[in-house]
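One structure is given below, encoded as structure tokens.
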Amino acid sequence: MEPNFSDLKFNKNQKSDLTAREISKGQKAIIYAFLINLVAIVPVVVLPSLNVSHNVGGYIILATWIVRLGTIALGLYGIFKIASELGWSDLAKLATFVLLLIPVINLIALLVVNGRATAFLKKAGYKVGLAGAYK
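Sequential numbering of the sequence shown, starting at 1, is according to UniProt numbering.
Structure (structure tokens):
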């Protein structure tokens with residue numbers, strides 16, 4: 001007896017759904033990179049007003065830079081996922097990657113890319129919150 005596939009229905013929006021899932025993964029990475037980056041900037045801003053020795057201050061600054069390097073890597077991953085799925089040119093990807101290396105400007109770049117991802121995800125029927133997108 002051969003299987004009957006006459007009732008089998010295909011998802012016509014499968015490509016769009018797969019794209020939206022990949023974009024939501026990238027967006028989640030960008031959100032985390034943004035929030036961790038904000039936390040890493042706070043000691044740099046607050047440190048001059050505190051009476052901290054140069055040695056301790058140096059270690060704190062070093063620790064924040066290590067954390068920021070991690071957020072750059074996380075942001076690169078998120079931007080690459082989003083930019084690839086949205087069909088951005090290589091020049092646009094490169095420009096965004098370079099912006100991630102500049103302190104404070106990287107936060108703006110992450111917000112802009114997050115906005116583009118949010119717009120796409122909302123068109124695809126996802127709800128977007130602080131923790132990312134969900135259906």
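Cβ atoms here follow ideal geometry from the backbone N, Cα and C, with glycine treated the same way.
Problem - Through-space distance from Ile79 to Val98, alpha-carbon basis - result: To locate residue 98, count along the sequence shown from 1; it is residue 98. To locate residue 79, count along the sequence shown from 1; it is residue 79. Rounded to the nearest angstrom, the two C-alpha atoms are 12 angstroms apart.
Practice task
Flag this pair as touching only if the stretch 116-127 and the stretch 99-107 have three or more C-beta atom pairs under 8 angstroms; answer yes or no.
Solution key: no
Exercise for the section: Give a yes or no on whether the C-beta atoms belonging to Leu47 and Ile36 are separated by under 9 angstroms. Expected result: The residue given as residue 47 occupies position 47 in the sequence shown. The residue given as residue 36 occupies position 36 in the sequence shown. Their beta carbons are not under 9 angstroms apart, which means Leu47 does not touch Ile36 by this criterion.
Handout entry: Expected contact under 8 angstroms - CB spacing of Gly132 and Lys28 to nearest Å
Key = The residue labelled residue 132 in the question sits at position 132 within the sequence shown. The residue labelled residue 28 in the question sits at position 28 within the sequence shown. Their Cβ separation, rounded to whole angstroms, is 4 angstroms, which keeps Gly132 and Lys28 in contact under 8 angstroms.
Exercise for the section: Compute the Euclidean distance between the alpha carbons of Ile72 and Leu50, then round it to the nearest angstrom. Expected result: As a working mapping, residue 72 is identified with position 72 in the sequence shown. As a working mapping, residue 50 is identified with position 50 in the sequence shown. Roughly 27 angstroms between the two C-alpha positions.
Handout entry: Inter-residue spacing [alpha-carbon to alpha-carbon] between Ala119 and Trp65
Key = What you label residue 119 is simply residue 119 of the sequence shown in a count that begins at 1. What you label residue 65 is simply residue 65 of the sequence shown in a count that begins at 1. For Ala119 and Trp65, the distance between alpha carbons rounds to 32 angstroms.
Exercise for the section: Classify Lys135 as helix, strand or coil using the three-state DSSP reduction. Expected result: Indexing the sequence shown from 1 puts residue 135 at position 135. Coil at Lys135, not helix or strand.
Practice task
Report the residue from Gly58, Leu86, Ala33, Gly75 whose alpha carbon sits nearest the alpha carbon of Lys15.
Solution key: Start at 1 with the first residue of the sequence shown, and residue 15 comes out as number 15. Out of Gly58, Leu86, Ala33, Gly75, Leu86 has the C-alpha closest to the C-alpha of Lys15.
Exercise for the section: Could you have a look at Val104 and say whether DSSP puts it in helix, strand or coil? Expected result: On the sequence shown, residue 104 is found 104 positions in, with the first residue counted as 1. Coil at Val104, not helix or strand.
Exercise for the section: Could you pull the start and end residues of the beta strand (DSSP E) that Val128 belongs to? Expected result: On the sequence shown, residue 128 is found 128 positions in, with the first residue counted as 1. Where Val128 is concerned, the enclosing beta strand (DSSP E) stretches over 127-129.
Practice task
With a threshold of 16 other CB atoms inside 10 Å of the CB of Ile108, please say whether the residue is buried or exposed.
Solution key: Here residue 108 is taken as the residue at index 108 of the sequence shown, counted from 1. Exposed, since its Cβ has fewer than 16 Cβ neighbours within 10 Å.
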